[in-house]
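*Asks:*
Protein chains: 2
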Amino acid sequence: MDGDTKTMTFLQELQDEPATLDDILISCRATLKYAIKTAHPRYFNQLSTGLDMVGLAADWLTSTANTNMFTYEVAPVFVLLEYVTLKKMREIIGWSDGRGDGIFSPGGAISNMYAMLLARFKMFPEVKEKGMSSVPRLAAFTSEHSHFSIKKGAAALGIGTESVICIKADESGKLIPADLERRILEAKQKGFVPFFVSATAGTTVYGAFDPLIAISDICKKYNVWMHVDGAWGGSLLMSRRHRWKLDGVERANSVTWNPHKMMSVPLQCSALLVREEGLMQNCNQMHACYLFQQDKHYDLSYDTGDKALQCGRHVDIFKLWLMWRAKGTIGFEAQIDKCLELSEYLYNKIKDREGYEMVFDGKPQHTNVCFWYLPPGIRYMEDKEERKKHLHKVAPVIKARMMEYGTTMVSYQPQGDKVNFFRMVISNPAATFEDIDFLIEEIERLGQDL
Amino acid sequence: MDGDTKTMTFLQELQDEPATLDDILISCRATLKYAIKTAHPRYFNQLSTGLDMVGLAADWLTSTANTNMFTYEVAPVFVLLEYVTLKKMREIIGWSDGRGDGIFSPGGAISNMYAMLLARFKMFPEVKEKGMSSVPRLAAFTSEHSHFSIKKGAAALGIGTESVICIKADESGKLIPADLERRILEAKQKGFVPFFVSATAGTTVYGAFDPLIAISDICKKYNVWMHVDGAWGGSLLMSRRHRWKLDGVERANSVTWNPHKMMSVPLQCSALLVREEGLMQNCNQMHACYLFQQDKHYDLSYDTGDKALQCGRHVDIFKLWLMWRAKGTIGFEAQIDKCLELSEYLYNKIKDREGYEMVFDGKPQHTNVCFWYLPPGIRYMEDKEERKKHLHKVAPVIKARMMEYGTTMVSYQPQGDKVNFFRMVISNPAATFEDIDFLIEEIERLGQDL
Chain V
1 MDGDTKTMTF
11 LQELQDEPAT
21 LDDILISCRA
31 TLKYAIKTAH
41 PRYFNQLSTG
51 LDMVGLAADW
61 LTSTANTNMF
71 TYEVAPVFVL
81 LEYVTLKKMR
91 EIIGWSDGRG
101 DGIFSPGGAI
111 SNMYAMLLAR
121 FKMFPEVKEK
131 GMSSVPRLAA
141 FTSEHSHFSI
151 KKGAAALGIG
161 TESVICIKAD
171 ESGKLIPADL
181 ERRILEAKQK
191 GFVPFFVSAT
201 AGTTVYGAFD
211 PLIAISDICK
221 KYNVWMHVDG
231 AWGGSLLMSR
241 RHRWKLDGVE
251 RANSVTWNPH
261 KMMSVPLQCS
271 ALLVREEGLM
281 QNCNQMHACY
291 LFQQDKHYDL
301 SYDTGDKALQ
311 CGRHVDIFKL
321 WLMWRAKGTI
331 GFEAQIDKCL
341 ELSEYLYNKI
351 KDREGYEMVF
361 DGKPQHTNVC
371 FWYLPPGIRY
381 MEDKEERKKH
391 LHKVAPVIKA
401 RMMEYGTTMV
411 SYQPQGDKVN
421 FFRMVISNPA
431 ATFEDIDFLI
441 EEIERLGQDL
Chain C
1 MDGDTKTMTF
11 LQELQDEPAT
21 LDDILISCRA
31 TLKYAIKTAH
41 PRYFNQLSTG
51 LDMVGLAADW
61 LTSTANTNMF
71 TYEVAPVFVL
81 LEYVTLKKMR
91 EIIGWSDGRG
101 DGIFSPGGAI
111 SNMYAMLLAR
121 FKMFPEVKEK
131 GMSSVPRLAA
141 FTSEHSHFSI
151 KKGAAALGIG
161 TESVICIKAD
171 ESGKLIPADL
181 ERRILEAKQK
191 GFVPFFVSAT
201 AGTTVYGAFD
211 PLIAISDICK
221 KYNVWMHVDG
231 AWGGSLLMSR
241 RHRWKLDGVE
251 RANSVTWNPH
261 KMMSVPLQCS
271 ALLVREEGLM
281 QNCNQMHACY
291 LFQQDKHYDL
301 SYDTGDKALQ
311 CGRHVDIFKL
321 WLMWRAKGTI
331 GFEAQIDKCL
341 ELSEYLYNKI
351 KDREGYEMVF
361 DGKPQHTNVC
371 FWYLPPGIRY
381 MEDKEERKKH
391 LHKVAPVIKA
401 RMMEYGTTMV
411 SYQPQGDKVN
421 FFRMVISNPA
431 ATFEDIDFLI
441 EEIERLGQDL
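Order-wise, the sequence lines are chains V and C. Anchor point for the first sequence: position 228 equals 228 in UniProt numbering, and the numbering is continuous, going up by one each time. Anchor point for the second sequence: position 114 equals 114 in UniProt numbering, and the numbering is continuous, going up by one each time.
#1: Could you check whether the Cβ of V:E162 sits closer than 8 Å to any Cβ belonging to chain C?
#2: Can you check DSSP and say which residues form a bridge with V:K151?
#3: Determine the closest residue to V:P375 out of V:G153, V:I443, V:D210 and V:Y43, with distance taken between C-alpha atoms.
#4: Using 8 Å as the threshold, is the stretch 15-30 of chain C in touch with the stretch 402-415 of chain C, meaning 3 or more CB pairs across them?
#5: Give me, in chain order, the residues of the same chain whose beta-carbon lies closer than 7 Å to that of V:M1; leave out the 5 immediate sequence neighbours on both sides.
#6: For C:N282, which of helix, strand or coil comes out of DSSP?
#7: Quick check: the Cα distance between V:K388 and V:V419, rounded to an integer number of angstroms?
#8: In terms of alpha-carbon separation, which member of V:I426, V:L157 and V:I92 lies closest to C:L118?
#9: Could you tell me if C:I36 is buried or exposed, where buried requires 16 or more neighbouring beta carbons within 10 angstroms of its beta carbon?
#10: Just grab the DSSP bridge partners of C:S143 for me.
#11: Could you check whether the Cβ of V:L175 sits closer than 8 Å to any Cβ belonging to chain C?
#12: Let me know the secondary structure DSSP gives C:S198 once reduced to three states.
#13: Identify the residues that DSSP records as bridge partners of C:I103: which are they?
#14: Does the CB of C:F148 have a neighbour CB from chain V at under 8 Å?
#15: Find the nearest neighbour of C:H366 within the set C:Y72, C:K128 and C:R241, judged by alpha-carbon distance.
#16: With a cut-off of 8 Å, do at least 3 Cβ pairs link the stretch 39-53 of chain C to the stretch 290-306 of chain C?
#17: If contact is defined by three or more beta carbon pairs under 8 Å, each pair taking one atom from either stretch, is the stretch 180-193 of chain V in contact with the stretch 212-224 of chain V?
#18: Can you list, in chain order, the residues of its chain with a C-beta nearer than 6 Å to that of V:E441? Leave out the 5 residues immediately preceding and following it.
#19: Can you give me the Cβ contacts of C:V425 inside the same chain, cut-off strictly under 7 Å, excluding the 5 residues immediately before and after it?
#20: Which first and last residues belong to the beta strand (DSSP E) in which V:V397 is found?
#21: So what does DSSP say about V:G230, is it helix, strand or coil?
#22: May I have the straight-line CA-CA distance separating V:D316 from V:L212, to the nearest angstrom?
#23: Hey, out of V:L342, V:A308 and V:H147, whose CA is closest to V:F70's CA?
#24: With the cut-off set at 8 Å, would you say V:F318 and V:Y373 are in Cβ contact?
#25: Quick one: what does DSSP say C:K418 is sitting in, helix, strand or coil?
#26: For C:A155, collect the residues of the same chain with a Cβ closer than 8 Å to its Cβ; drop the 5 residues on either side in sequence, then sort them by chain order.
#27: Any idea if C:N348 is buried or exposed, counting beta-carbon neighbours within 10 angstroms, 16 or more meaning buried?
#28: Taking C-alpha atoms, which residue in V:S198, V:G278 and V:K351 lies nearest to V:K174?
#29: Could you please give the first and the last residue of the uninterrupted beta strand (DSSP E) stretch that includes V:V369?
#30: Tell me which residues share the same chain as C:D435 and place their Cβ nearer than 6 Å to its Cβ, disregarding the 5 neighbours each side in the sequence.
#31: Please state the DSSP three-state secondary structure of C:W95.
#32: Check whether the Cβ of V:T203 lies closer than 7 Å to any heavy atom of the ligand ADP, and answer yes or no.
#33: At a Cβ threshold of 8 Å, is V:A388 touching chain C?
#34: Return no unless some Cβ of chain C is closer than 8 Å to the Cβ of V:E441.
#35: Suppose contacts are defined by Cβ-Cβ distances below 8 Å. Is C:G447 in contact with C:V394 by that definition?
#36: Taking the alpha carbon of V:M116 as the reference point, which residue from V:M280, V:L56, V:L346 and V:Q413 has its own alpha carbon closest?
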C-alpha cells in the first residue's frame with residue numbers, strides 16, 4: 001500500500017490487533033495534515049486562535065504530569081498556582097486585595113452555568129436539598145445578543161429557557177438598561193422572582209460591551225445577582241487602553257473570563273471568578289469521605305475539589321500561569337492592544353470601500369468587525385428584497401471557497417433580521433496588517449463573480 | 001540567587017514584567033520536581049494512574065492542533081474519530097450495530113449529570129422550556145456506595161439531593177435489588193415520580209458491581225431510565241475474562257465509561273454513551289446561528305456541538321483513539337487483566353497474613369482491595385471500642401509517612417461505621433508483583449510502631 005492510500009484509510013475501524021508503529025505515525029501525520037491550522041495568522045474563524053509556544057510547552061508538561069485538580073495531595077503545585085492566578089485575576093477585576101473565590105472550569109458555558117447555580121443558591125440555599133419545588137418561579141435576564149450558554153444553563157438547572165428573559169440591545173449590540181428595568185418589573189408583577197442578570201462584556205458576534213455601571217445599579221436596586229460574561233471581553237481588563245469598556249465589572253457578583261480566547265492560552269482555559277468567598281463550597285460540596293478525608297496531614301483548605309461540579313478536574317492552570325510569567329502582564333497587554341489595533345485598521349479600510357457595508361456604525365469595541373461584502377452583481381440592485389435574498393447567499397459561498405482554497409477562514413452568520421454577514425475577529429498575536437490586507441483582497445477575489 | 005533559593009521562590013506573585021527564559025525553565029523544573037509522580041508504578045492513590053507513551057504523544061499532538069470539538073469545520077478529523085470510537089464503545093456495550101449516541105465530557109461527574117438530564121428530558125420534555133415547576137417531584141435512586149456525583153448532579157439540575165434515594169448495599173457493596181423496588185414503591189406512594197436509577201459498575205471504594213440484570217428488570221417494570229455509572233468499571237467490558245461482571249449493561253439507557261481510569265488514557269477522557277439516538281441533541285440544542293449555520297457546504301450532522309452543555313469542548317478523543325490503534329482491543333484487555341491479577345495477588349497475600357483484616361469477604365471484584373493494617377500494639381486489644389479508636393488513626397499516619405518518604409501512595413477512608421481503612425486500586429499497567437510486595441512491606445515498616 002502506498003502512502004496516499006494508507007493516509008486515506010487511516011480512519012478505519014478500531015481493531016482487535018495492534019497497528020505497527022509506522023501505522024501510528026501515519027495516523028499522526030494524517031491527523032495533522034487534515035487538521036485546520038488554527039494557529040495560522042489568517043485563521044479568523046473563532047474567538048480562540050493562535051498557538052503560544054510557552055503555552056504549548058506548559059500544556060505538554062501538564063500532560064506529562066497527568067494529574068487531577070481535586071486535591072492538594074495529588075496536585076500540590078497546580079493547586080497553588082491556581083490560587084495565586086485566580087487571586088491576581090480578582091485583583092485585576094478590582095475586588096479588594098483580590099479577595100473572593102473562583103475556579104477554572106471546562107469552558108465559558110460551564111463557567112456561566114456555575115454563576116447561575118451560585119446566584120440561585122445564594123437566594124434560596126434550600127434548593128440544594130429540596131430542588132426547584134421549594135423555590136418560586138425564577139427569572140434570569142440577559143441581552144438578546146448574549147451567548148446561548150445562558151439558556152443552556154437555565155435548561156439544565158431546571159429553571160427553563162422561558163425563564164430567561166431577553167433584553168433589547170441597541171444598534172451596536174449593547175443591552176439597554178431601561179429595558180432591563182422594565183422587564184424586571186414586569187417579571188415581578190407576574191410573580192416571578194428575578195435572581196440573575198448576565199451582562200455581556202464582549203458579545204460573540206458584535207463584540208459589544210453592555211453598560212455595566214447602569215446594570216449594576218439596577219441589580220442593586222432589585223437585589224439581583226449580577227454576573228458578567230466576559231468570556232470574550234474579560235481579557236481587555238489587562239489593557240490600560242481598553243479596560244474602561246468594563247468599567248463597573250468590580251460591582252459584579254461573578255465574572256466569566258476565558259484566557260483561552262483573547263489571551264491566546266491553549267484550549268481549554270476558562271475561569272469563573274466569584275466575589276463572595278465560601279459560596280461555591282457551600283453550594284456544591286458533598287463531603288465525599290474517600291476523597292476529602294478530614295484527617296489528612298496538611299491544611300485541608302487546599303483541597304479545592306469539593307467546590308466543583310466535577311469530581312476529577314483537568315489541569316488548565318499551568319499554561320496560563322507559565323505564559324503570564326513569560327510575558328508579564330505587559331506582554332498580554334501588548335498582544336491584546338495589537339489585535340484591537342488590527343481590527344481598527346480593518347474597520348478603517350473597509351468602512352468607505354466600495355462593495356462593503358458595515359452591519360452597525362462606529363469603531364469596533366472589541367476585535368469584532370461585522371460587515372457585508374456585496375459582489376458587483378448585486379451592488380446596485382434596486383429591489384431591496386431581491387438584494388437581501390442574494391446577499392444572504394454570498395458569505396456562505398465565499399467561506400466555502402476560502403476553505404476549498406485553504407487560504408483563510410472567517411465566520412459568518414445572520415442575526416435578527418440581518419442576512420448573513422461576515423464576523424471578523426482577531427485574537428492571534430501573530431496576525432499582521434498584511435494579513436488584514438490579504439483578507440480583504442481574498443474576499444473580493446472569491447466573491448466578485450457572485 | 002542560587003538554584004535552590006530560586007526554586008523556592010518560583011511560586012512568587014505574577015508580575016507586570018516578563019521573566020527570563022531561564023526563570024521559565026526553573027519554574028518548569030520545579031513544577032515537575034514537586035509534582036506527584038502519578039505514573040510511578042507504586043502510585044496507587046487514585047483510579048487514574050500511569051502514563052502511556054502513545055497516549056502522551058497523542059495529547060501533545062492534540063495540544064498542538066489547539067482546536068475545539070464544536071464543529072466539523074474546525075475539527076474535521078477529531079469529530080470523525082469521536083464518531084468511530086463512540087460507535088465502537090457502543091458495540092462493546094452490546095447495542096445493536098453500535099447504534100445510539102454519546103459524547104466525551106469533562107469527567108465522570110459531568111457524564112453522570114448528562115445522563116440524569118437526559119432521563120428527565122425523556123420523561124418530561126417540557127422541562128427544557130418550562131423548568132422544574134412544570135414537572136412533578138422526581139425521585140432518583142442509587143446505591144449508598146455510589147459516587148457523590150449523582151447527588152451533585154441532582155443539586156445542580158434543581159432536583160435536589162433529598163430526591164436522591166440511597167439504596168442499601170450488601171456487605172460487598174452491591175446494591176440490593178429488593179431494596180430498590182421497595183424504595184421505588186415507597187416514593188410513588190409519597191407522590192414522587194421515579195425517573196432515574198443509577199447503577200454502579202465498579203464502586204469507588206469497594207469496586208463493587210451492582211447486579212445490572214435484576215436492576216434492569218425493575219427499571220423496565222416501573223418505566224424508569226436505567227443509567228450505569230461505569231466510570232471505573234466500564235473498562236472491564238474490554239476483557240473477555242471479566243466482562244460478565246457487567247452482564248445486563250446492554251439493557252441500560254445510558255452508560256458512563258472513563259477510559260482515563262482503567263484504560264490509562266491520559267486525563268481527561270470520559271464518555272457518556274446513550275442508547276437513544278437524537279435525544280441529546282433535542283435535550284440540549286439551542287441553535288446558535290453564529291456557530292451552527294444551516295447553510296454550510298458540508299453535512300451538518302457532523303456539527304455535534306449543540307448536543308453538549310458546553311460550547312467549546314476540549315479534544316479528548318485523539319489519545320484514546322491512537323492508543324486503541326497502537327494496542328488494539330487485545331492490548332487494553334491484557335493490561336486490564338494484568339491489573340486485576342495483581343489485585344488478586346495482593347488479596348491472596350494479605351487475607352490470612354498476621355496484622356491484616358479485610359473490610360469485606362471474598363475476592364476483589366475490580367482492582368479494589370480494602371483492608372485494615374493493625375500494628376502489633378493494637379492487634380490484641382480487648383476493648384473493641386478502644387481498638388477501633390486506635391485503628392481509625394493508623395491509616396492516616398501511615399499514609400502521611402508514605403508521602404514524607406516518597407515511596408508509595410495509597411488511599412484510605414472510613415465508610416459507614418467502618419473506621420479508616422486502606423483502599424488499594426491498581427490501574428497502572430506498569431505495576432508489577434514486586435510493587436505489591438513492596439507495598440505490604442512498606443505498610444508494615446511505617447506502621448509497626450503505631
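In this text, a Cβ means the ideal position worked out from N, Cα and C, and glycines have one as well. Owing to the predicted nature of the structure, the values given are computational and were not obtained by experimental measurement.
*Replies:* Reading it off the structure:
#1: Against chain C, the CB of V:E162 has a partner CB under 8 Å away; the residue lies at that interface.
#2: Paired residues: none, contrary to the question.
#3: The option with the nearest alpha carbon to V:P375 is V:I443.
#4: Not touching, per the Cβ criterion.
#5: Because V:M1 sits at a pLDDT of 34, beneath the cut-off of 50, its placement in the model cannot be relied upon, and the following sentence gives the value as read from the coordinates. So the list is empty, once near-sequence residues are dropped.
#6: Here C:N282 sits in helix by DSSP.
#7: Going from the Cα of V:K388 to the Cα of V:V419 covers about 7 Å.
#8: Comparing Cα positions, the closest option is V:L157.
#9: With 16 or more other Cβ atoms inside 10 Å of its own Cβ, C:I36 counts as buried.
#10: In the DSSP output, where bridge partners are listed per residue, C:S143 has C:I167.
#11: Output row for V:L175: interface = no.
#12: Strand.
#13: Under DSSP, C:I103 shares a beta bridge with C:L272.
#14: Closer than 8 Å to the CB of C:F148 there is at least one CB belonging to chain V.
#15: Looking at the Cα atoms, C:R241 is the closest of the given residues.
#16: Judged by pairs of C-beta atoms under 8 Å, the stretch 39-53 of chain C does not touch the stretch 290-306 of chain C, as fewer than three such pairs exist.
#17: Cβ pair count under 8 Å is three or more, so yes.
#18: Nothing listed; no residue qualifies.
#19: Only F44, L47, T367 and N368 meet the Cβ criterion.
#20: Premise fails: V:V397 lies in the alpha helix (DSSP H), K384 to Y405, not in any beta strand (DSSP E).
#21: Strand at V:G230.
#22: About 28 Å.
#23: The shortest CA-to-CA distance from V:F70 to any of V:L342, V:A308 and V:H147 is the one to V:A308.
#24: With a cutoff of 8 Å on beta-carbon distance, V:F318 and V:Y373 are scored as not near each other.
#25: Reduced to three states, the DSSP call for C:K418 is strand.
#26: The residues are T161.
#27: Label assigned to C:N348: exposed.
#28: By alpha-carbon distance to V:K174, the top candidate from V:S198, V:G278 and V:K351 is V:S198.
#29: Here the beta strand (DSSP E) through V:V369 covers V369 to Y373.
#30: The answer, listed in chain order, is P41 and R42.
#31: DSSP places C:W95 in coil when its eight states are reduced to three.
#32: What this structure holds is no ligand at all, so the ligand ADP is not there to describe.
#33: One point to set straight first is that residue 388 of chain V is Lys, not Ala, in the sequence displayed. V:K388 does not count as touching chain C.
#34: For V:E441, the answer is no, since every Cβ of chain C falls outside 8 Å of its Cβ.
#35: Contact flag set, yes.
#36: Cα-wise, what sits closest to V:M116 is V:M280.
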